[in-house]
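Heads up: the sequence shown runs through residues 156 to 487, numbered per our numbering.
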Amino acid sequence: MRGPTTPNGALLDASTSPVAAALAPDGELFPLALGTNVFGWTVGAPTALEVLDVFVGDGGRVIDTADVYSAWLPGNSGGESEAIIGRWLARPGNREKVVVSTKCGQHPDAPGLGRASIRRAVEASLRRLRTDHIDLYSTHFDDDETPLDETVGALSELVDEGKIRWPAASNYTGTRLRQALAVADRDGLHPFAAVQAAYNLVRRGDYESDVAPIVDHYGLAVLPHSSLASGFLTGKYRGDAGRGDSPRGGRALSYVTPQNQGTVEVLVEIAERQGVQPGAVAIAWLATRQNVIGALASARTVIQLEGLLEAADVVLTEGDLASLDLVSTPLD
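#1: State the Cα-Cα distance for the pair Val307 and Ile273, rounded to the nearest angstrom.
#2: Classify Leu486: buried if its beta carbon has 16 or more other beta carbons within 10 angstroms, exposed otherwise.
#3: Quick one: what's got a C-beta closer than 6 Å to Asp264's C-beta in the same chain, skipping five residues either side?
#4: Helix, strand or coil for Asp475, going by three-state DSSP, please let me know.
#5: Flag this pair as touching only if the segment 222-231 and the segment 187-207 have three or more C-beta atom pairs under 8 Å; answer yes or no.
#6: Would you mind reading off the limits of the alpha helix (DSSP H) that contains Trp196?
#7: Enumerate, from N- to C-terminal direction, the unbroken alpha helix (DSSP H) stretches of 4 or more residues contained entirely within the segment 255-333.
#8: Within the same chain, show all residues whose beta-carbon is closer than 6 Å to that of Ala466, passing over the 5 residues directly before and after it, in chain order.
#9: Short of 8 Å in beta carbon distance, which residues of its chain neighbour Glu300, apart from the five on each side in sequence? Order them along the chain.
#10: Taking DSSP's pairing of strands, which residues face Gln351 in a bridge?
#11: Less than 8 Å between the CB atoms is what I'm expecting for Arg101 and Ser385, so what's the real figure, rounded?
#12: One question on the structure: do Pro173 and Trp321 come within less than 8 Å of each other, judged by their Cβ atoms?
#13: Please report how far the alpha carbon of Val217 lies from the alpha carbon of Glu237, in whole angstroms.
#14: Short of 8 Å in beta carbon distance, which residues of its chain neighbour Gly286, apart from the five on each side in sequence? Order them along the chain.
#15: Cα separation between Gln334 and Thr472?
#16: Between Pro201 and Asp340, what straight-line distance do the alpha-carbon atoms span, to the nearest angstrom?
#17: On the three-state DSSP scale, how would you describe Ala452?
#18: Inspect the beta-carbon positions of Thr294 and Gly260 and report whether they are closer than 8 Å.
#19: What does the alpha-carbon distance come out to for the pair Ala426 and Leu441?
#20: Mind checking which residues open and close the beta strand (DSSP E) that includes Ala188?
#21: Would you decide whether Ile448 is buried or exposed? Buried here means 16 or more other CB atoms lie within 10 Å of its CB.
#22: Hey, Ser483 and Thr418: beta-carbon distance below 8 Å or not?
#23: Locate the alpha helix (DSSP H) running through Val436, then write down its first and last residues.
#24: With H, G and I counted as helix, E and B as strand and the rest as coil, what does DSSP make of Asp219?
#25: For Ser409, count neighbouring C-beta atoms within 10 Å of its own C-beta (all shown protein chains included) and say buried if the count is 16 or more, exposed if not.
#26: Tell me Arg358's beta-bridge partners as DSSP assigns them.
#27: Helix, strand or coil for Pro402, going by three-state DSSP, please let me know.
#28: Following the continuous alpha helix (DSSP H) through Asp371, name the residue where it begins and the one where it ends.
#29: What does DSSP give as the partner residues of Val447 in its beta bridges?
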C-alpha cells in the first residue's frame, strides 16, 4: 500500500505508521509542524493564538508542546504553553483540526518517567490543554533510572484508557529506542509510534547513523526538532551578521564552520531562485527525508511563521537535493 508523501515525494508506509495515515488521509503531508516552546515565554497569549490561527488556516496540523514549557522563566511554573494552546483548542471546531503533541518527564511536579509521574503529568496536561485526549504523547528525554518496562507499560495503559492515541519518544538513542520497542513487543504493549530527534542540514550524523535505521525498520513517524539549527539555517548568521544579538544567536554561531557556511550558501541560492526564505528550504529538505511527518519549528510572530509556511510551496529538484546532500553530508 502506497503511503502518504511529502510535497517532494518522500514515502511513508501508512500500513505501519498510523500517525502518518491519520495526518494525511489525502495522501500528502504538510512539511511544517509548529513548535510552541516560545508560547508563554517570548510570545504572549494574543500573538500565540494568532499564530495558531494562521498555521492551521494555511494547512498545518501538528502542534507540539511540552508540559515543562516554560518553567525556566521566573514566575512561571511550567505548562504555560499548554494552557495557551488549550484556550485555542477550546474554540468551537478547533480540536478536530489538529494533532496535539506534548511531552512528559521534565515538569517540576512530575519529573522522570516512572508510572506515577507519567500519570500525574498526563492528567495535568489534559487539564491545561482542555481536551479529553492527547494524540502524540512523548517522553521528553530518556530516564535511565526508571526501567523501560515501567515507562512503556505506563504509556500503554494510557492508550487503553483513551487518554493518548500514540506513545512517542523524544531524544532517545538508537539503542534505547530499540530496547523500548522490544519491551512493547515482548509484553504485548502499545509501542512507540513516533520519534522526535534533533535533525537538520548541519546536524545529520547522530540521527542518520544511530536512530534512522531503527525508525526505518519499524516504520516510525519522525518529527525532527532543531530544524533550523537555532536560526542558523535561516541565513541570518552568515559572516559576522547577528553576532551577539541574543542567546539564540550565540547558539546559532556554534554551528559556524566552513562546511556549514557552505550549506547555508546553497540554501540561500535555492531560496532566492524560488522566491522563499532559506529556512523554508531547510524545512522542505527535512520533509523529503524518509518517515518525516513534519519538521518542528517555532515562530514568535505571524510574519516569522509566514516565512516558514513557504516550505509548502518549495519544490526541490533532484539537482537541489543532490547539492544539499553533497554539501551537508558529515565529514569523516
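The beta-carbon is built from N, C-alpha and C at its ideal position, and this holds for glycine as well.
As the structure is a prediction and not an experimental result, all values here were calculated from the model.
In short:
#1: Looking up residue 307 in the sequence shown gives position 152. Looking up residue 273 in the sequence shown gives position 118. When rounded, the distance between both Cα atoms is 10 Å.
#2: As a working mapping, residue 486 is identified with position 331 in the sequence shown. So Leu486 counts as exposed.
#3: Here residue 264 is taken as the residue at index 109 of the sequence shown, counted from 1. Nothing listed; no residue qualifies.
#4: Walking along the sequence shown from the start, residue 475 turns up at place 320. It is helical.
#5: yes
#6: Residue numbering aside, residue 196 sits at position 41 when the sequence shown is read from its first letter. No alpha helix (DSSP H) contains Trp196, which DSSP labels as neither H nor E.
#7: 270-284 and 303-315
#8: Residue mapping note: residue 466 aligns to position 311 of the sequence shown, counting from 1. The residues are Pro186, Leu187, Ala435, Ile438 and Ala439.
#9: If you number the sequence shown from 1, residue 300 lands on position 145. Counting only Cβ-Cβ distances below 8 Å, and skipping sequence neighbours, we find Gly267.
#10: For this step, residue 351 is matched to residue 196 along the sequence shown. Per DSSP, Ser325 and Leu378.
#11: Because the chain is modelled from 156 through 487, residue 101 falls outside the range shown and cannot be assessed.
#12: Looking up residue 173 in the sequence shown gives position 18. Looking up residue 321 in the sequence shown gives position 166. In contact: Pro173 and Trp321 (Cβ atoms closer than 8 Å).
#13: For the purposes of this step, residue 217 is taken as the residue at position 62 of the sequence shown. For the purposes of this step, residue 237 is taken as the residue at position 82 of the sequence shown. One C-alpha to the other measures close to 14 Å.
#14: Position 131 of the sequence shown, counted from the first residue, corresponds to residue 286. In the sequence on display, residue 286 carries Thr and not Gly. Result list for Thr286: Gly241, Leu244, Arg250 and Val255, in chain order.
#15: As a working mapping, residue 334 is identified with position 179 in the sequence shown. As a working mapping, residue 472 is identified with position 317 in the sequence shown. Answer to the nearest angstrom: the Cα atoms are 38 Å apart.
#16: As a first step, residue 201 is located in the sequence shown; it is residue number 46 there, counting from the start. As a first step, residue 340 is located in the sequence shown; it is residue number 185 there, counting from the start. The alpha-carbon atoms of Pro201 and Asp340 are separated by roughly 45 Å.
#17: Here residue 452 is taken as the residue at index 297 of the sequence shown, counted from 1. If DSSP states are grouped into helix, strand and coil, Ala452 belongs with the strands.
#18: Residue numbering aside, residue 294 sits at position 139 when the sequence shown is read from its first letter. Residue numbering aside, residue 260 sits at position 105 when the sequence shown is read from its first letter. Yes.
#19: Position 271 of the sequence shown holds residue 426. Position 286 of the sequence shown holds residue 441. Those two C-alpha atoms are separated by around 15 Å.
#20: Position 33 of the sequence shown holds residue 188. Leu187 to Gly190 is the extent of the beta strand (DSSP E) around Ala188.
#21: As a first step, residue 448 is located in the sequence shown; it is residue number 293 there, counting from the start. Burial call: buried.
#22: Position 328 of the sequence shown, counted from the first residue, corresponds to residue 483. Position 263 of the sequence shown, counted from the first residue, corresponds to residue 418. Yes; because the gap between Cβ atoms is below 8 Å, this pair is in contact.
#23: Taking the first residue of the sequence shown as 1, we reach residue 436 at position 281. Here the alpha helix (DSSP H) through Val436 covers Pro433 to Ala442.
#24: Along the sequence shown, read from residue 1 onward, the residue named residue 219 stands at position 64. It is a strand residue.
#25: Taking the first residue of the sequence shown as position 1, residue 409 is located at position 254. Ser409 is exposed by the Cβ-count criterion.
#26: As a position in the sequence shown, residue 358 is number 203, starting the count at 1. DSSP, once it has assigned bridges, lists Asn355 as partnering Arg358.
#27: Within the sequence shown, numbered from 1, the residue matching residue 402 stands at position 247. Note that Pro402 scores 48 on pLDDT, short of 50, meaning its location in the model is unreliable; the coordinates nonetheless yield the value given after this. Reduced to three states, the DSSP call for Pro402 is helix.
#28: As a working mapping, residue 371 is identified with position 216 in the sequence shown. Looking at the DSSP string, the run of the alpha helix (DSSP H) that includes Asp371 is Ala367 to Tyr373.
#29: The residue labelled residue 447 in the question sits at position 292 within the sequence shown. Val447 pairs with Val377.
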